[in-house]
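Each residue of the sequence shown is one higher than the one before, counting from 1 in full-length UniProt numbering. A virtual CB, placed ideally from N, CA and C, is assigned to each residue, including glycine. Owing to the predicted nature of the structure, the values given are computational and were not obtained by experimental measurement. To start, the structure under review is shown below, and the notes come after it.
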Amino acid sequence: MADVIQLLPDSIANQIAAGEVIQRPASVVKELMENSVDAGSKNIKLIVKDAGRTLIQVIDDGCGMSETDARMSFERHATSKIRSADDLFAIRTMGFRGEALASIASVAQVELRTRRHASEVGTLIQAEGSKVKSQEPCQTAAGTSFAVKNLFFNVPARRNFLKANTVEFRHILDEFERIVLANADVFFSLHHNGSEVFHLPPGNLRQRILGVFGNAVNTRLVPVVEETDIIQIKGFVGKPEFAKKVRGEQYFFVNSRFIKSSYLHHAVMSAYEEVLPKEMYPFYLLFLDIDPARIDVNVHPTKQEIKFEDDRLVYNYLKVAVRHGLGQHGVMPSLDFEQETSLQLPYLSSKMDQDKPFTTPPRNSSAWQSDEPKAFNSGKEDHAEQHREENNLRNWQLLYKDLGGASEGDGMGEGDDASGMQTMTIGSSWAQDEATTGPSTEEPFGKQQKVPYQIHGTYIVSQIKSGYMLIDQQAAHERILYENYLSMMNENRAATQQQLFPITLNFSPNDAEILKDLLPDIQLLGFDVQEFGGNSFVVNGLPVELAGKQNERSVMETLLEQHKIGLELQLNTRESLARSMARSAAVKRGQLLNEVEMQALMDQLFACSMPYRSPFGKKCFVTYELEDLQKHFE
């Protein structure tokens, strides 16, 4: 039988390697820009056309290459970064494997121009599909220019897997931002289809952050600096109140190399655990400088995952550093972001509580009592227990007195149309009826009360045949609006309220690209937004549901944030936008509704095709059987 195992040709081997290293145009950007950084460049220019499908060109003023080095750079495993296996554990350069240029040349048409600073003549090499087509001297500036044309021209299947240009360009922006943030002392520029997207002069880290994310983030940054014998940590974290519900602004750099680490992310989140709402993600950009001998960067094709010699030690140092930074700048761990003042009970705003808003309840008040049953006691303990019960009764009487006083003295009764608040509650109504008319022989209160009412400004209580129903007003309204907005976009019947004075908004390049892609769809929702050049947009009008409720920037930022969440959930654009609009326009928990509004909300909810849950997965209502309620009083 003939032998069947043979060596693959270099062209095929390079394409296989390219499948791991070069996955999309953004991969080419990463490899070429990292080479420019390793070459000691102080000025790096990135030129992209058609999101990298047509052209990706990186021009730098680095050390350049000789004629021999330029030719050798296209060979597999040819590198200037390491000479022995021991060098793998002393690496501080971005590249070291010698695979990138060979992989790129195997799936694209490339043109390399390079010249050393001490040389008078440079070298021009043209390659295509792993084959060098020509090599000749040329006149060029000192440094290197590497142009990649028609990516995946010889791998149609891979080219067909590329996403839309807007999506691919966002991936390019992600890679570009990671490199420019790690090298604040280098000038960078990015041009896409002839337009300059980034122009970033050298400066310090804070200046580079503002250049990438915009000046608005300046007041949101908290510096972090910690130095030990093992590790140095520096960078910035975001204030908790500016955290977002979508990831994307979290950056770790180990020895200036961008990495992804869920373990280190957990360390940062642990530092925030007492000051950050659930399911929120803070901004952070942290640099960890550590001895290369204590890490292994050669564990992933893109080098975005590394191994630490002592993971737990790095975890603890990072957590302490972030917590220390937050503490030094007034971000106290006792803050409670889940407590909303609008959710407080009406009686807490009585005159007595306004005079002493933060007083501690007396020791003999019901607030200090336990709900757990206690064993039978006698003597002094019995007397103390009886005394506590008397105090509890007096406290309940004061509670009803405060409710009545608030209704009469504070203008919160039925005649207060401005607030729309229904202060009559089950408890207060029952107490007043008993006090004035004595025991009633009529049906219980629950059978008389047919109209819905609101508790804590959050839930709507409605009687049903088998018991009662609690409706979460925000979740229910989100479901109603979500289905309405989907219908609007399908039928193109949204209404717009024009702004008296149009406003111009500036966004980060990444957000600007997303917004450009969304413009046709958000116009179907009632937005009148136009591009104004660069990363600026003019807001001429908003949907009538949002006009006057929020400022334009808040509306647009919420729209973008919710759309990013939709992208993570793989929702289509219209579903994502409908979710975002529903979140923005829905009534909020703590917002008071009158009887007509509550009834209308219930009617509209149960007219929905899917009334059970909000578009975000939360229950819109729950039902309680009367039998279950009666068990609590047995």
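How would you label residue i, buried or exposed, when you count the other beta carbons within 10 angstroms and need 16 or more for buried?
{"i": "Tyr482", "result": "buried"}
{"i": "residue 636", "result": "The structure shown has nothing for residue 636, since the chain only spans 1 to 634."}
{"i": "Gly457", "result": "buried"}
{"i": "Asp60", "result": "buried"}
{"i": "Asp417", "result": "Unreliable positioning characterises Asp417 in this predicted model, as indicated by a pLDDT of 39, which lies under 50. The coordinate reading is nonetheless provided below. By the 10 Å Cβ count, Asp417 comes out exposed."}
{"i": "Leu500", "result": "exposed"}
{"i": "Tyr317", "result": "buried"}
{"i": "Asn535", "result": "buried"}
{"i": "Ile455", "result": "exposed"}
{"i": "Met610", "result": "exposed"}
{"i": "Ile12", "result": "exposed"}
{"i": "Asp3", "result": "exposed"}
{"i": "Phe633", "result": "exposed"}
{"i": "Leu7", "result": "exposed"}
{"i": "Ser134", "result": "exposed"}
{"i": "Pro615", "result": "buried"}
On a CA-only basis, which of the options is nearest residue i? Give me that one, please.
{"i": "His77", "options": "Thr93, Cys63, Leu101 and Asp61", "result": "Leu101"}
{"i": "Gly248", "options": "Gln604, Lys564 and Asp628", "result": "Lys564"}
{"i": "Arg208", "options": "Lys149, Thr558, Glu177 and Gly457", "result": "Glu177"}
{"i": "Lys588", "options": "Lys619, Ala475 and Tyr485", "result": "Ala475"}
{"i": "Arg553", "options": "Gly330, Leu32, Ser584 and Phe161", "result": "Ser584"}
{"i": "Asp50", "options": "Ala142, Ala108, Asn150 and Ala578", "result": "Asn150"}
{"i": "Val21", "options": "Val4, Leu46 and Ile104", "result": "Ile104"}
{"i": "Arg24", "options": "Lys239, Leu162, Arg574 and Leu524", "result": "Leu162"}
{"i": "Gln562", "options": "Asp289, Arg579 and Gly62", "result": "Arg579"}
{"i": "Asn298", "options": "Arg257, Gly52 and Glu279", "result": "Arg257"}
{"i": "Asn35", "options": "Lys631, Gln57 and Lys244", "result": "Gln57"}
{"i": "Arg312", "options": "Phe283, Gly327, Ala127 and His266", "result": "His266"}
{"i": "Gly62", "options": "Pro9, Ile5 and Phe146", "result": "Phe146"}
{"i": "Thr228", "options": "Ala164, Tyr263, Lys278 and Val314", "result": "Val314"}
{"i": "residue 640", "options": "Asn551, Ala512, Tyr485 and Gly194", "result": "Within the shown structure, residues of the chain are numbered from 1 to 634, placing residue 640 beyond reach of any answer."}
{"i": "Glu136", "options": "Val217, Arg71 and Thr558", "result": "Arg71"}
{"i": "Tyr263", "options": "Tyr453, Lys319, Asp10 and Ile230", "result": "Lys319"}
{"i": "Pro502", "options": "Glu491, Ser487, Ala164 and Asn551", "result": "Asn551"}
Taking the Cβ atom as the reference point for each residue, do residue i and residue j lie within a distance shorter than 9 Å?
{"i": "Thr144", "j": "Thr114", "result": "yes"}
{"i": "Met469", "j": "Val596", "result": "no"}
{"i": "Leu181", "j": "Leu205", "result": "yes"}
{"i": "Val197", "j": "Leu55", "result": "no"}
{"i": "Tyr281", "j": "Val322", "result": "no"}
{"i": "Asp38", "j": "Met94", "result": "yes"}
{"i": "Cys620", "j": "Arg479", "result": "yes"}
{"i": "Lys260", "j": "Glu309", "result": "no"}
{"i": "residue 696", "j": "Thr504", "result": "Any question about residue 696 goes unanswered here, given that the chain covers just 1 to 634."}
{"i": "Met581", "j": "Leu546", "result": "yes"}
{"i": "Met602", "j": "Ile460", "result": "yes"}
{"i": "Leu577", "j": "Ile522", "result": "yes"}
{"i": "Val29", "j": "Ala108", "result": "no"}
{"i": "Gln232", "j": "Ile172", "result": "no"}
{"i": "Leu605", "j": "Ile471", "result": "yes"}
{"i": "Leu519", "j": "Glu531", "result": "yes"}
{"i": "Asp64", "j": "Ala142", "result": "Checking the sequence shown, residue 64 turns out to be Gly, not Asp. Yes, these two residues count as a Cβ contact at 9 Å."}
{"i": "Ile175", "j": "Met33", "result": "Residue identity check: residue 175 is Glu in the sequence provided, not Ile. Yes, the pair counts as a contact, with Cβ atoms nearer than the cut-off."}
{"i": "Phe283", "j": "Gly238", "result": "yes"}
Leaving aside the five residues before and after residue i along the sequence, list all residues of the same chain whose C-beta is less than 6 Å from its C-beta, in chain order.
{"i": "Thr140", "result": "Arg113, Arg115 and Gly122"}
{"i": "Leu285", "result": "Gly235, Phe236 and Tyr251"}
{"i": "Arg159", "result": "Phe152"}
{"i": "Leu46", "result": "Val58 and Leu190"}
Taking 8 Å as the limit between beta carbons, can you name the residues of its chain near residue i, skipping five residues before and five after?
{"i": "Phe187", "result": "Lys42, Asn43, Ile44, Leu200, Pro201 and Pro202"}
{"i": "Ala495", "result": "Gly526, Pro543 and Val544"}
{"i": "Gln498", "result": "Asp528, Asn540 and Gly541"}
{"i": "Gly214", "result": "Asn506, Phe507 and Ser508"}
{"i": "Asn183", "result": "Val37 and Ser256"}
What residues in its chain sit with their C-beta under 7 Å from that of residue i, if we drop five residues either side in the sequence?
{"i": "Pro223", "result": "Phe236 and Gly325"}
{"i": "Gly467", "result": "Thr623, Tyr624, Glu625, Leu626 and Leu629"}
{"i": "Glu67", "result": "Thr123"}
{"i": "Arg92", "result": "Asn255 and Pro292"}
{"i": "His192", "result": "Val48 and Phe169"}
{"i": "Cys608", "result": "Arg479, Ile480 and Glu483"}
{"i": "Asp296", "result": "Ile306 and Lys307"}
{"i": "Leu560", "result": "Asp511, Ile514 and Leu515"}
{"i": "Gly420", "result": "Annotation note: pLDDT 38 at Gly420 (below 50); position unreliable, no value reported."}
{"i": "Asn154", "result": "Val107 and Gly129"}
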